[in-house]
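A.B. asks:
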Amino acid sequence: MELKDSIAELLESRGQWRRAARRWLTVMDGVIDDVEREAIVRRREHCIDMGANTPPDGRRSETRRLYKIQSRYNDGY
Numbered sequence: 002m003e004l005k006d007s008i009a010e011l012l013e014s015r016g017q018w019r020r021a022a023r024r025w026l027t028v029m030d031g032v033i034d035d036v037e038r039e040a041i042v043r044r045r046e047h048c049i050d051m052g053a054n055t056p057p058d059g060r061r062s063e064t065r066r067l068y069k070i071q072s073r074y075n076d077g078y
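For any residue, its number in my numbering is found by taking its place in the sequence shown, counting from 1, and adding 1.
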């Protein structure tokens, strides 16, 4: 048994953990075997755990820094 879903794996590789967890849930709906379901549950929980460790905007500090630079530029500093 090998779990394969190209969309979920692509989302995981991009670091979009919450979307990947949702995709694994969709994949689980199409599986009949309990062993495969259990493996998908573990993979989904991993995605949820990884998503909980990142802020909602993974680039928050960079976005904030650019915003400050832009606002200073507009203010004439």
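Note that beta-carbon positions come from the ideal geometry of N, C-alpha and C, so glycine has one too.
CA-CA distance, glutamate 13 and cysteine 48?
C.D. replies: Numbered from its first residue, the sequence shown carries residue 13 at position 12. Numbered from its first residue, the sequence shown carries residue 48 at position 47. Going by the C-alpha atoms only, they are around 8 Å apart.
A.B. asks: Within a Cβ cutoff of 8 Å, which residues of the same chain sit near isoleucine 8, ignoring the five residues on either side of it in sequence?
C.D. replies: In the sequence shown, residue 8 corresponds to position 7, counting from 1. These residues qualify, in order along the chain: Arg24.
A.B. asks: Mapping DSSP to helix, strand and coil, what is leucine 4?
C.D. replies: Walking along the sequence shown from the start, residue 4 turns up at place 3. If DSSP states are grouped into helix, strand and coil, leucine 4 belongs with coil.
A.B. asks: Suppose you measure from the CA of arginine 43 to the CA of arginine 66; what does that come to, to the nearest Å?
C.D. replies: By 1-based counting over the sequence shown, the position of residue 43 is 42. By 1-based counting over the sequence shown, the position of residue 66 is 65. Going from the Cα of arginine 43 to the Cα of arginine 66 covers about 37 Å.
A.B. asks: What is the DSSP secondary structure of glycine 52, counted as helix, strand or coil?
C.D. replies: Counting from 1 along the sequence shown, the entry for residue 52 is found at position 51. Reduced to three states, the DSSP call for glycine 52 is helix.
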